[in-house]
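Student: Chains as they are written, first to last, in this note's numbering: chain A, 1281 to 1653; chain B, 1281 to 1653; chain C, 1281 to 1653; chain D, 1281 to 1653.
Submitted below is the structure of interest, expressed as structure tokens.
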Ligand SMILES: [Ca+2]
Ligand SMILES: [Ca+2]
Ligand SMILES: [Ca+2]
Ligand SMILES: [Ca+2]
């Protein structure tokens, strides 16, 4: 038996791996940070053997204990299908038990989305004449920050921004973008064509390339939580935000979605900008309209569970959604998907999954069309 | 140059084919019927050559002149992608002009859906444990009438029927079913899973196999228009309706969609059972609810254009939708898609297409979920 | 339970189908002929049920008893994967026993190759600029006889002919052609590119469209065995041969393969033109060279088992291979593949299969290159 | 315009990129080494713009000038199809000129083979029950050294080793392995099944993971040329060789192929162990037999061009092929493929390519079967 993490977004420390039923592991902290919860490793064992893997520092993870309660880890033999495996949390250890049908099995906090796949997404998208990738600048590790511009940048078009994966371990956010972009570029899709008649899209499918490749949960190459940088981003600490904010200023912004994953709640939900100084009835009406539209297209969305709403004037203005809403007077939402499952429609085999996140991305397009009509 | 129709749903008569710029053709009438408008043929010519094909009896077709006005024929080199080619109607002749980039090109009234593909649809669907194909009986030419039962047939479940392609030349109806069925059997699709919690589906993707293979527009093997047989179907004249009606009686019915194509109107629309004796406010409310739901999920649907609404008590009770609504007191709709394009979202390359019909099938599932919630 | 054959190449008569363990069937004779052995039907039954199907007239089939000894029928749930099922022959009845994992299962003498797929093969091939489909004429049922010309028809090029499926039930012959054509048109395949430098190919992937669609074993629409028509073909009785022979005369011929399936022998083998009047040492040397080349590229070929070699001057000159060899003084071979399996490399799951036939088609290209070098 | 290499196997230094027609670049040396020639970068520019890229230190590359003479760089818009682009060498600069049809284009020395794809290859292979991946140990950067065991490890089976990509920039070696492995695991392939009857395969598709990911030409993470380490490998300097050599000792070895790319010669060729102390007539006969077998299955192989043959006793025993041949008294060959093209079958569009390397991998299986028969 051998356990390793020598690959894109790999993250595990092996403490003990000499017995199949007592494997002891730990998650590395994000570099220059105390956050940790993302794991991704490969166990090279044998066919027809049970493995019991204990993540011994789970109790100190960023979203412990809430993130581990009711959580099932994902596993894959072929790196395409990621299924859930029996997982328990005892307050300190997260224990995964799995009977190997194949020698090699990968395990992760959620289905990974690699930097290679990200590049395929960009390269594939430009095959559509409706789409132009734009280079915004580089990250601290020297990776490209790429924005996709979809549609015609006429002055009369509304400017819709969707950014994803500020927190790199929230890979469902990039799976969501894959569904969103794929449908938006489908030239026989009516919703996409109707939207492109009146809107132009600015899409950043991966806001945090360095954290993604490094196997971080929440921060970039220097341990910075990007979603606390929107008020004062810098090229030294948070070039990812600095560059995207600059592009927003240049292009303008009429609506913004910031796509995330939530470690605790087993639901899809939206979080708005209610606590910003300028929040008003018009924005409230726009919020309600979009929420209603999304409710009407998918049972995967709901409004019962979510974050507490900020009291007036008490918003954290370093957060993307709040900064954007205030700066542009525009509808801005944080969209959260579960790491676990959607408890309204539980799926014991896969839980919340890449397919479901992609479909939600497609459905959000329908909701946008409905809302903007 | 050679023109032939010796294949599934082929229909053409060659009057003159000795010169590329003056090819004269005629459409065969449906067997034992005067209806005709479906055509499907193959022109085996040469690369880089212009062909001008004149369908000389277009003026007498079932939906002339309205069906030919603004109509563009479909063509395909690879039998997968069907694109529109320049087509004109002068009151009598329908003239198709096309420059061949490949030697062999197929032409049709709409993208064909073959009996082989139908069998693949049935065979593929049964791979899902949620789906059981049921043999209802045989057509006059000896083909199988197959119904797919999707979901658990518990007494408490609502029974939703969707039937398609009573008129065999309306192939978009079976493309629609392919999208509908594919999504309904996707075990990671939230809409499908939510629907299957409370409903069971009875689906007949091809109501008219004989007409389909024979290359008919509107009738079965003995020239009978199935959508005028619902009051008194017989095994001798209309076994297709007889068998499905019998299954409806056995299984029960809470909602029914009958999927069609309309030769004239360049829109998707619904036609209801307003003229039936028992039509009432509850049914009207149900109609409105479903229409509203569908309006909220796709710009491909609209309610401005459609058929005239029957006056109270004046419904033709031989038509599926009316007979079903009356017999079961249930919401019943005829769903019509265009042969031409959706004029609200015109696509010069493809017009209304298999992809768009499939997507509408998927979107109707969303509307059903929304309506039934 | 319902058994039907209302589809492309369907052939079965149901004598009794009221009990799962005593289903009695018969194969229809080819139209206007006494030949029969091809069967293809669909049993619509139930999941988790055993079916025992008895073909009661198997004893009188064209290749009984030899063809049924050691023979296992093929079955498919999805119409893509055809696997072998337990089959026994008692001298009169061929009994197939199969436990259904899905409700609908298809059964056949060998994996079918439909007329729809044939058209896809032609349509797909023309996407390569190296390939031009040529219309030769029509069959008695009005289907197209199509030849693919691959490569540049320069006078200096050798002319290689490959024709297949004179006997329509020998579907492996068209699967073979699919592999052969696919590789020949692969513009990154070295063997293909080397061959096209010096040769032009004339390929007829289906010599007998009418028999294929009708579900015949051995004859065309009027019961004629095409491989006995080469000396005196006629448009009235054997237009398929008449048209191809005419094209051979026009184009010339340097080498010819006629691809078949053999009902009895569980081997791949070649049968030559030894009994023709002009057979000579040069032809013998060419035969040996090609045989040796094929032996060196695949263990699926062998030379131990095959037909008896005709004594000098005793060839049946109505057979394609003999007529061609004599007329053009060229190397001509009949290539036979098994209906059963290759006993040198038995595969209990699939027996001889579409994949293996395709691969043999690819390997024959290598052998041709080697032989012609 | 922006040029970057922040991804798997990326390697470029940007000296000047302010003008489309005078882009100046340099290749980084392998870490702790003076070797360099591999490059891989992405140019994010604009549609319909010409870019002239000059690699200014090409003259000092490992295989200059020979490697650059007649060389054309590869480019890709979609990261799947890699085509050749106009490239010139003037003795010092390698100049690539390319008109962008899409904004983003990747350039490389040869089509890259990523670590992600490597993991997919391992994960996919284990789906076959004939294949078991074995973990051999870790590289200096902490990546897994994985061997695939294919077939039954019975004592009576011949042990055939194939290793690839000791030099990481020779990515065609891993494309070759993909073809080789894919065919060997195809359970309907006759050659594969015949081979597995008598042989077991030990396959190392990537001998140098660290160099691969780092974008090296020739060395591992600490600048060591693995193909000079076979006599005295160490865990400190060359664990890759140490681990594989150990496995060879444990498992035994009857035949070995070491797969490479050659920077200079535009041909596929074999290099043997003639200069080893124990080289003898038997080995010479085995060499000739395998060469002859490979010549008989593909025009992509030839024996006219290749390396000079070592004089007796003058072999460099640190090289894999020589060490293996001497140690096991077995047939050992280095298989070389071109970076450029096969001049015997030139392809102006693609040159030597992933497809052709895969096909050669498949053909080597045929040659092995033929040789071992
Ligand atoms: Ca989060
Ligand atoms: Ca109609
Ligand atoms: Ca035969
Ligand atoms: Ca080399």
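We treat Cβ as the ideally placed atom computed from N, Cα and C, and that holds for glycine.
#1: Taking residue 1460/B and residue 1644/B to be in contact with their CB atoms under 8 Å, please state how far apart those CB atoms are, rounded to whole angstroms.
#2: I need the straight-line Cα distance from residue 1300/B to residue 1405/C, nearest angstrom please.
#3: Is residue 1625/C close to chain D, meaning its C-beta is less than 7 Å from at least one C-beta of that chain?
#4: Since residue 1288/B meets chain C, which of its residues come closer than 7 Å, beta carbon to beta carbon?
#5: Closer than 9 Å by beta-carbon distance: list the chain A residues that pair up with residue 1633/B, in chain order.
#6: Just the C-alpha distance for residue 1394/C and residue 1429/B, rounded to the nearest angstrom, thanks.
#7: Going along chain D in order, which residues have a C-beta closer than 7 Å to the C-beta of residue 1403/A?
#8: At a Cβ threshold of 7 Å, is residue 1616/A touching chain B?
#9: In three-state DSSP terms, what is residue 1551/D?
#10: Kindly confirm or deny that the region 1621 to 1630 of chain A and the region 1456 to 1471 of chain A touch, where touching means at least three C-beta pairs closer than 8 Å.
#11: Mind pulling the chain C residues with CB within less than 7 Å of residue 1474/D?
#12: Out of 1376/B, 1281/B, 1309/B and 1282/B, which has the shortest C-alpha to C-alpha gap to residue 1291/B?
#13: Please state the DSSP three-state secondary structure of residue 1542/B.
#14: DSSP three-state call for residue 1574/D: helix, strand or coil?
#15: With DSSP as the reference, label residue 1377/C as helix, strand or coil.
#16: Please report how far the alpha carbon of residue 1651/A lies from the alpha carbon of residue 1435/A, in whole angstroms.
#17: Residue 1312/D and residue 1379/D look like a contact to me (Cβ under 8 Å); what is the Cβ gap, rounded to whole Å?
#18: Does the region 1538 to 1556 of chain A come into contact with the region 1580 to 1594 of chain A, if we say contact requires no fewer than three beta-carbon pairs (one atom in each stretch) closer than 8 Å?
#19: For the beta strand (DSSP E) holding residue 1402/D, just list the boundary residues, first then last.
#20: Do the CB positions of residue 1367/A and residue 1353/A come within less than 7 Å of each other?
#21: Using beta carbons (cut-off 7 Å, strictly below), is residue 1451/B in contact with chain A?
#22: If we call anything under 7 Å between Cβ atoms a contact, is residue 1449/B one with residue 1497/B?
#23: Tell me the DSSP secondary structure of residue 1519/A in three-state form.
#24: Could you tell me whether the region 1380 to 1394 of chain D touches the region 1413 to 1432 of chain D, using the rule of 3 or more Cβ pairs below 8 Å?
#25: Between the region 1443 to 1457 of chain C and the region 1314 to 1332 of chain B, do at least 3 Cβ pairs fall closer than 8 Å?
#26: Can you pull the DSSP bridge partners for residue 1440/A?
#27: Would you kindly report the start and end of the unbroken beta strand (DSSP E) that includes residue 1614/C?
#28: Does chain C have any CB closer than 7 Å to the CB of residue 1400/B?
#29: If you check the beta carbons only, do residue 1376/C and residue 1365/C fall under 7 Å apart?
#30: Using a Cβ cut-off of 7 Å (strictly closer), state whether residue 1636/C contacts chain D.
#31: Between the C-alpha atoms of residue 1688/D and residue 1458/D, what's the straight-line distance to the nearest angstrom?
#32: If I'm right that residue 1488/A touches residue 1446/A with Cβ under 8 Å, what's the distance once you round it to whole angstroms?
#33: At a Cβ threshold of 7 Å, is residue 1646/B touching chain A?
#34: Compare the Cα-Cα distances from residue 1581/D to each of 1344/D, 1492/D, 1503/D and 1615/D and report the closest residue.
#35: Is residue 1635/C helix, strand or coil by DSSP?
#36: Counting contacts by CB-CB distance shorter than 7 Å, is residue 1656/C in contact with chain D?
Tutor: Looking at the atomic coordinates:
#1: About 6 Å separates the Cβ atoms of residue 1460/B and residue 1644/B, confirming a contact at the 8 Å cut-off.
#2: Note on geometry: alpha-carbon atoms of residue 1300/B and residue 1405/C lie some 23 Å from one another.
#3: At least one chain D Cβ lies under 7 Å of residue 1625/C.
#4: Simply 1396.
#5: Within chain A, the residues near residue 1633/B are 1468.
#6: In a straight line, the C-alpha of residue 1394/C is about 28 Å away from that of residue 1429/B.
#7: In chain order: 1357, 1358, 1359 and 1384.
#8: Residue contact with chain B for residue 1616/A: absent (no Cβ-Cβ distance below 7 Å to any residue of chain B).
#9: Note: residue 1551/D maps to strand in three-state DSSP.
#10: Flag = no, the region 1621 to 1630 of chain A and the region 1456 to 1471 of chain A do not touch.
#11: Those within 7 Å of residue 1474/D in chain C are 1579 and 1625.
#12: Of the listed residues, the one whose Cα sits closest to residue 1291/B is 1309/B.
#13: Residue 1542/B falls in the strand class under three-state DSSP.
#14: Correct three-state label for residue 1574/D: helix.
#15: If DSSP states are grouped into helix, strand and coil, residue 1377/C belongs with the strands.
#16: Cα atoms of residue 1651/A and residue 1435/A: separation of roughly 20 Å, rounded to the nearest angstrom.
#17: With a contact defined as Cβ atoms closer than 8 Å, residue 1312/D and residue 1379/D miss out at about 38 Å.
#18: The region 1538 to 1556 of chain A is in contact with the region 1580 to 1594 of chain A.
#19: Run containing residue 1402/D: none in the beta strand (DSSP E); it sits in the alpha helix (DSSP H), 1395 to 1405.
#20: Their beta carbons are under 7 Å apart, which means residue 1367/A touches residue 1353/A by this criterion.
#21: It does not; no Cβ of chain A falls within 7 Å.
#22: Cβ distance < 7 Å, so residue 1449/B and residue 1497/B count as in contact.
#23: In this structure, residue 1519/A counts as helix in the three-state DSSP scheme.
#24: Three or more Cβ pairs closer than 8 Å define a contact, and the region 1380 to 1394 of chain D falls short of that threshold against the region 1413 to 1432 of chain D.
#25: No, the region 1443 to 1457 of chain C does not touch the region 1314 to 1332 of chain B.
#26: DSSP output for residue 1440/A lists 1481/A and 1535/A as bridge partner(s).
#27: Segment 1611 to 1618, the beta strand (DSSP E) holding residue 1614/C.
#28: Any Cβ of chain C closer than 7 Å to the Cβ of residue 1400/B would place that residue at the interface, and such an atom is present.
#29: Yes, they are a contact pair.
#30: It does: the Cβ of residue 1636/C has a partner Cβ on chain D nearer than 7 Å.
#31: Since the displayed chain D opens at 1281 and closes at 1653, residue 1688/D lies outside it and no answer follows.
#32: About 6 Å separates the Cβ atoms of residue 1488/A and residue 1446/A, confirming a contact at the 8 Å cut-off.
#33: Yes - at least one Cβ of chain A is within 7 Å of the one on residue 1646/B.
#34: Per the C-alpha coordinates, the member of 1344/D, 1492/D, 1503/D and 1615/D positioned closest to residue 1581/D is 1615/D.
#35: Helix, per DSSP.
#36: Outside the displayed span of chain C (1281 to 1653) sits residue 1656/C, for which this structure offers no information.
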